[in-house]
Every structure is written in structure tokens, then in C-alpha cells.
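For reference, the structure discussed in these notes is given below.
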Amino acid sequence: MPELSYLQGYPDHLQAQVQQLIQQQRLGEVLLQRYPQVHGCTTDKSLYQFTVELKNQYLRNTQPLSKVAYDSKIQVMKHALGLHTTISRVQGGKLKAKAEIRVATVFKNAPEPFLRMIVVHELAHLKEKDHNKAFYSLCCHMEPSYHQLEFDTRLYLTHLSLFGELYE
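The opening residue of the sequence shown carries number 1 in the UniProt record's numbering; numbering runs sequentially from there.
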């Protein structure tokens, strides 16, 4: 049986169900039924617009985003799906902080709900730095099905690691 590295924190009964889907070669089928098509945000510019729209809808009073981009250097295997960074630069006599969000390029060809979950997660870091109760409450405020989407994204990554691309 393959190791379910993306699902390690989940209960044994859920992992057993996923193992059964893998053995029956049905994991991809289940994902395609739930999420039949990919999003249209294939460029950094469209990803930036997508992210800013979500930010403006839920987090107007947070610092502006200076950059949102896909990043091929993000190692999904190391459990990072996206990154939120604040870069400090000296401009004149002042220290300026710029917020950037980077999303793993593996999500260029993924369903829109998975991309939205990752963007919501990274946007929540603008207000809450730690993964605490307030952080997850904010994620659920911006995306009510956040926890289900996170689980399904982990299923998608499991499928990618075992069988390769799901969406051609």
C-alpha cells in the first residue's frame, strides 16, 4: 500500500477509504466527478486579479499585495502549497513592507476550488500569522467549505504523486 503523505494528520478510517479508492483505481474518477474542470487562471496576471478580487471582498483593510505569482520552486512535497511573504525594503529614509503571495505551479492545471482554497489560506496570513483558531475561522469566513477543499486538495496531490496528471 502506498504511503499517504498528504493525509497523515487525518483519521485512520479516512485514510483507509482513500487506500481503497487507490486500490480500485477510482481516486481520479471521484475527483473528476466532484471537480470536472480546471480554472482559467494560467498566468501570473490572472492569478493576481483572482487574488485581489478575493482580498477586496473579505480583507479590504489589510496591506496591499505587491505581487501574486505561480512559483515553480515551491516544493509541494514539503507540504507547502503556497507562500505568503513580506519583503522589507528601504526606500528613501523609510522601511517599506510589501506582501507577496506565491502559489505552487502544480495548481496552474487544477480545479478552481483548489486554487481558491490556497489563495484564501495565504490571504488569511495577512491578518493572522499563525495557524490558530482565529486563522482557520478567517479561512472558513472567506471559503465556507475550506476544510473539505483542503482535504480534496490533498486527495488531488495524492493522485498526482501516484498516477500523474488528472486534467489534460
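Where a beta carbon is used, it is the ideal one built from N, C-alpha and C, also for glycine.
- Under the three-pair Cβ rule at 8 angstroms, the stretch 139-156 counts as touching the stretch 110-126.
- Assigned with DSSP and collapsed to three states, Tyr58 falls in helix.
- Gly28 places its beta carbon less than 8 angstroms from that of Leu166.
- Note that the C-beta distance between Leu32 and Leu155 is not below 8 angstroms.
- Annotated as proximal: Leu160 and Val106, with beta-carbon spacing under 8 angstroms.
- Per DSSP, Leu7 lies in no alpha helix (DSSP H) segment and is marked neither H nor E.
- Under the three-state reduction of DSSP, Leu95 is assigned to strand.
- Annotation: the stretch 15-54 contains the following complete segments of the alpha helix (DSSP H) (minimum length 4 residues), in chain order: 27-34.
- In the displayed model, Pro144 falls within coil according to three-state DSSP, outside both helix and strand.
- Boundaries of the alpha helix (DSSP H) harbouring Ala124: 112-127, taken from the DSSP string.
- Scanning Gln49, Gly164, Tyr136, Lys127 for the CA closest to the CA of Asn61 turns up Lys127.
- In this structure, the beta-carbon distance from Val103 to Asp71 falls below 8 angstroms.
- In the structure shown, the three-state DSSP call for Lys73 is coil.
- DSSP places Leu138 within a helical segment (H, G or I) once states are collapsed to three.
- C-alpha of Glu112 to C-alpha of Asp130: approximately 25 angstroms in a straight line.
- By the neighbour-count definition (other C-beta atoms within 10 Å, threshold 16), Val90 is an exposed residue.
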